[in-house]
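Chemist: After the structure tokens below, expect a handful of questions from me.
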Amino acid sequence: MLSSQQGHELIKHIERTGARLVLVGDKAQLPSVNAGRLFGLTQEYGIETTIMDEIVRQKNEVLKEAVWQQQGER
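The sequence shown begins at 1 in the working numbering and counts up one residue at a time.
Below you can see the structure in the form of structure tokens.
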């Protein structure tokens with residue numbers, strides 16, 4: 001839930017220090033309270049992204065299917 005301003009400051013710091021940034025999250029979750037959608041934009045503009053789409057929390061197949069349906073995936 002990083003705002004545009006926070007993301008800008010973070011990226012400036014990374015560039016100054018040569019650090020590496022790893023973002024972990026879900027662009028379908030709650031957005032930042034302030035302006036911006038840094039997480040979604042990084043994915044849209046070609047930053048290397050890995051998508052995890054395997055449900056591991058629910059072991060029961062009926063529950064897994066319910067999760068997929070709730071997310072509109074199936």
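The beta-carbon is built from N, C-alpha and C at its ideal position, and this holds for glycine as well.
From which residue to which residue does the alpha helix (DSSP H) around residue 66 run?
Modeler: Position 66 of the sequence shown, counted from the first residue, corresponds to residue 66. Element bounds for residue 66: 61-70.
Chemist: Please classify residue 58: does DSSP put it in a helix, a strand, or coil?
Modeler: As a working mapping, residue 58 is identified with position 58 in the sequence shown. It is coil, neither helix nor strand.
Chemist: Could you compute how far the alpha carbon of residue 48 sits from the alpha carbon of residue 11?
Modeler: Your numbering for residue 48 matches position 48 in the sequence shown. Your numbering for residue 11 matches position 11 in the sequence shown. Going by the C-alpha atoms only, they are around 16 Å apart.
Chemist: Is it buried or exposed for residue 7, if we count other Cβ within 10 angstroms and need 16 for buried?
Modeler: Reading the sequence shown from its first residue, position 7 is the one you call residue 7. The residue is buried, with at least 16 neighbouring Cβ atoms inside 10 Å.
Chemist: Please go through the same chain and pick out, in chain order, the residues whose beta-carbon is closer than 7 Å to the beta-carbon of residue 88, but skip the five residues on each side of it.
Modeler: A query on residue 88 cannot be resolved here, the shown segment of the chain reaching from 1 to 74 and no further.
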